[in-house]
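Since the structure comes first, as structure tokens, the remarks are kept for the end.
Number of protein chains: 2
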Amino acid sequence: MGMSTLRQFAYLVAVADHRHFRRAADACAVSQPTLSQQLRALEARLGVTLVERNESPVQLTPIGREIATRARRILLDVKDVEALARRARHGMAGTVRFGVTPTLGPYLLPAIVAQLHRRFPDMRLYIREGIPDEQARELARGELDMLLSPLPLSGSDLHIEPLFREPLHIVAPPGHPVAQAPLVRRQDLAGIGFLSLDPRHHAYRQDRVICDELGADLLEDYEGTSLDSLRQMAGSGLGFAILPELYLRSEVGGEDMVTRLHLADWSANRSIAAVWREGVAFADSYRVIAETIASEARRILDQPFR
Amino acid sequence: MGMSTLRQFAYLVAVADHRHFRRAADACAVSQPTLSQQLRALEARLGVTLVERNESPVQLTPIGREIATRARRILLDVKDVEALARRARHGMAGTVRFGVTPTLGPYLLPAIVAQLHRRFPDMRLYIREGIPDEQARELARGELDMLLSPLPLSGSDLHIEPLFREPLHIVAPPGHPVAQAPLVRRQDLAGIGFLSLDPRHHAYRQDRVICDELGADLLEDYEGTSLDSLRQMAGSGLGFAILPELYLRSEVGGEDMVTRLHLADWSANRSIAAVWREGVAFADSYRVIAETIASEARRILDQPFR
DNA sequence: CCATGTGATAGATCAAAACTATCAATGATG
DNA sequence: CATCATTGATAGTTTTGATCTATCACATGG
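The listed protein sequences correspond, in order, to chains A and B. Numbered by my numbering, the letters in the first sequence go through residues 69 to 374 in order. Numbered by my numbering, the letters in the second sequence go through residues 69 to 374 in order.
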């Protein structure tokens, strides 16, 4: 049991436009009998008469006009698909499902999204926040196309493209003695309590390494669910915290409520990478997106910050 | 330069749904190589990769997902067309371009339209008022599908289906002596001035015949453009007028402002007919519409009126 | 009554889509 | 580690269906 074909629709539309079989056939670059037959085939398929042939010039029946109108629209939609594909061949198109850590996405992506949308109007990002390790699995299963995540990252068959290094900073409650000293050194932090995020987050593991290194104390009782809540808790005196620089520089984040420490003899970074499945057809596009992100991040981080 | 086919779209959608070539092929009732080839053909035509084949289960590329979404929609639109045609086979569907005299349409059609819409939800009437003789030409040229018009009507190859006879009534300005007499006879109207419509209207010709017959005087100076303006002019004392009964019985028309005369020894009618081109495919539908109109008109005219 | 213009029909040709059979790559399993 | 199952791709053939050329039937208008 066949289906009406687009070609038959095109013939119907041509007849509706020209009201003349031969001219319609010319417009479709086929012979008149071809058009005649195919139109009959369409009528047989639909079980209705579409054209009044005993008139001159030919007239469509009411249902013929209705169907011609819809056919025209369908043909345009198909043309749209082909135009979209043509643009997608060079530029990029489609919805890229994009996973990102909540410790980075909200502070870096808005600018990126706007920029990408300007450069590639046919491409859209569907952004989903989540725990990096979980998202790596989703990526492998094909539920995500691309990931922006701190390193290291586990997962097989994943292409990992390091993008930039983001400095980490220690913030203290404003009233804390350490926060008021003109110069802070690593040993001043020994024994200090640090707040961190949900242990499944990459940030938690890194914070623990840093605390060990400083001889500080990672508080297990409080788990922030976002950098914002971390800052709020630190600001209200519950402990110190380690915050990434892009968060501190962002408008939504900022340094209200907490005091950033400037340690002469200490610094830390995290590496951010873009990730996609090895060997996918869209790798080129993903690489363009990755480069856009890296250059935007470096642009921000290269500005003076003090 | 070919076009993508609906079948290829269906295969793409099936792959998007099943993420599996063989199962998708089964769902389409074709063999797996067929689906494989046609999908490749579609990719070649569009010039983009739609499916990641080195994954398991297969994944669509972002542009593949986008195009699959649009393809799904296009296939649904086609299904819609076929469903519409199926309904049109028995009931009626499409927009019927319907011409009608302004001396009848506004007072009869509103009820008809509602009734037809209830019985045939897929059919719509596009109603256009105009001069009957002109509309007969439009009908012959295929610019209208159907006409509701007073007889007689000129035109070749037109099927004329008489529907009902509508009584005509004479109305007078309320203050006029004739309007106040208990009994009026034809000779009382001799010499009286009658208003009428634009001479191109059928009503004008009929009014002239009636005036000749009554020895009355058809005033050439005033030409109404509608029955309403005719009633207004008569009401303000400019002359008598001849109005059809459906107008007088309608809510919008009515007998305010004028007095209807009751003549014992005189009456007149006009015949209303439905008209369409001889031999059109939709004749059955037109006949159903015509019968609906006739029965509604008779229903109204059979009610007591005095 | 013939010239002209219209769409329909017949039969041959050609292109596209389908099938069967088989292969190559991958990943799981004894 | 060899083996087997699964998956999609490929080759070659057949079938289907869309197209062409040539011609017809019918109507219209000089």
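Note that the Cβ used here is the ideal one computed from N, Cα and C, for glycine as well.
Residue i burial status per 10 Å Cβ neighbour count (16 or more: buried)
i, result
"residue 168 of chain B", "buried"
"residue 293 of chain B", "exposed"
"residue 175 of chain A", "buried"
"residue 121 of chain B", "exposed"
"residue 373 of chain B", "exposed"
"residue 338 of chain A", "buried"
"residue 187 of chain B", "exposed"
"residue 324 of chain B", "exposed"
"residue 132 of chain A", "buried"
"residue 136 of chain A", "buried"
"residue 237 of chain B", "buried"
"residue 251 of chain B", "exposed"
"residue 299 of chain B", "buried"
"residue 99 of chain B", "exposed"
"residue 245 of chain A", "exposed"
"residue 312 of chain B", "buried"
Spatial neighbours of residue i in its chain, beta-carbon cut-off 6 Å, leaving aside the 5 residues before and after
i, result
"residue 97 of chain B", "none"
"residue 126 of chain B", "87, 119"
"residue 260 of chain A", "284, 308"
"residue 215 of chain A", "167, 203, 207, 343"
"residue 291 of chain A", "266"
The alpha helix (DSSP H) enclosing residue i, as first and last residue numbers
i, result
"residue 173 of chain A", "173-187"
"residue 280 of chain A", "270-282"
"residue 202 of chain B", "200-209"
Contacting residues, own chain, Cβ-Cβ under 7 Å from residue i (five flanking each side not counted)
i, result
"residue 359 of chain B", "none"
"residue 140 of chain B", "81"
"residue 191 of chain A", "160, 161, 162, 164, 184"
"residue 218 of chain B", "169, 200, 270, 338, 339, 340"
"residue 78 of chain B", "96, 143"
"residue 368 of chain A", "314, 317"
"residue 272 of chain B", "264, 265, 266"
Within 8 Å, strictly: CB atoms of residue i and residue j
i, j, result
"residue 354 of chain A", "residue 365 of chain A", "no"
"residue 163 of chain B", "residue 242 of chain B", "no"
"residue 193 of chain A", "residue 181 of chain A", "yes"
"residue 254 of chain A", "residue 331 of chain A", "yes"
"residue 270 of chain B", "residue 200 of chain B", "yes"
"residue 114 of chain B", "residue 153 of chain A", "yes"
"residue 239 of chain A", "residue 302 of chain A", "yes"
"residue 212 of chain A", "residue 361 of chain A", "no"
"residue 138 of chain B", "residue 145 of chain A", "yes"
"residue 263 of chain A", "residue 295 of chain A", "no"
"residue 71 of chain A", "residue 226 of chain B", "no"
"residue 210 of chain A", "residue 123 of chain B", "yes"
Segment limits, beta strand (DSSP E) that includes residue i
i, result
"residue 264 of chain A", "261-265"
"residue 58 of chain B", "A question about residue 58 of chain B goes unanswered here, because the residues of chain B that appear run from 69 up to 374."
"residue 312 of chain A", "308-312"
"residue 167 of chain A", "162-168"
"residue 123 of chain B", "Unbroken run through residue 123 of chain B: none, as it is neither H nor E."
heavy atom of the ligand COA below 7 Å from residue i C-beta
i, result
"residue 151 of chain A", "You won't find the ligand COA in this model; it holds no ligand whatsoever."
Own chain partners of residue i with C-beta closer than 8 Å, once the 5 adjacent residues on each side are dropped
i, result
"residue 258 of chain A", "282, 283, 284"
"residue 92 of chain B", "79, 82, 83, 85, 86, 103"
"residue 9 of chain A", "Only positions 69 to 374 of chain A appear in this structure, which leaves residue 9 of chain A out of reach."
Residues from the region 279-293 of chain A in contact with chain B, defined by Cβ distance under 7 Å: When CB distances to chain B are screened at a threshold of 7 Å, not a single residue of the region 279-293 of chain A falls below it.
Interfacial residues, the region 209-220 of chain A to chain B, with Cβ spacing under 7 Å: Close to chain B, meaning a Cβ-Cβ distance shorter than 7 Å, are the following residues of the region 209-220 of chain A: 210, 213.
Residues within the region 314-343 of chain A neighbouring chain B, beta-carbon criterion of under 8 Å: Listed in chain order, the positions of the region 314-343 of chain A with a beta carbon within less than 8 Å of a beta carbon of chain B would be empty, since no residue qualifies.
Positions along the region 78-91 of chain B whose CB lies within less than 7 Å of some CB in chain A: Under the 7 Å Cβ criterion, the region 78-91 of chain B contributes no residue.
Where the region 88-120 of chain B meets chain A: residues whose CB sits under 7 Å from a CB there: Listed by position along the chain: 114, 115, 116, 117, 120.
Where the region 183-205 of chain B meets chain A: residues whose CB sits under 7 Å from a CB there: Those residues of the region 183-205 of chain B placed with their C-beta closer than 7 Å to a C-beta in chain A do not exist.
Chain A contacts made by the region 224-251 of chain B, where a contact means CB separation under 8 Å: Within the region 224-251 of chain B, no residue has a Cβ that lies closer than 8 Å to any Cβ of chain A.
Contact set between the region 150-172 of chain B and chain A, restricted to residues whose Cβ is under 9 Å from the partner: Shown in chain order are the members of the region 150-172 of chain B whose Cβ falls below 9 Å from a Cβ of chain A: 150, 152, 153, 154, 156, 157, 160, 161, 162, 163, 164, 165.
Contacting positions in the region 121-132 of chain A - beta carbon closer than 8 Å to chain B: Against chain B - using a Cβ distance shorter than 8 Å - the residues of the region 121-132 of chain A are 122, 123, 125, 127, 129, 130, 131, 132.
Residues from the region 138-150 of chain A in contact with chain B, defined by Cβ distance under 8 Å: Answer set for the region 138-150 of chain A: 138, 139, 141, 142, 145, 146, 148, 149, 150.
Short-range partners of chain B found in the region 250-268 of chain A, where Cβ spacing is below 8 Å: The residues in question: there are none.
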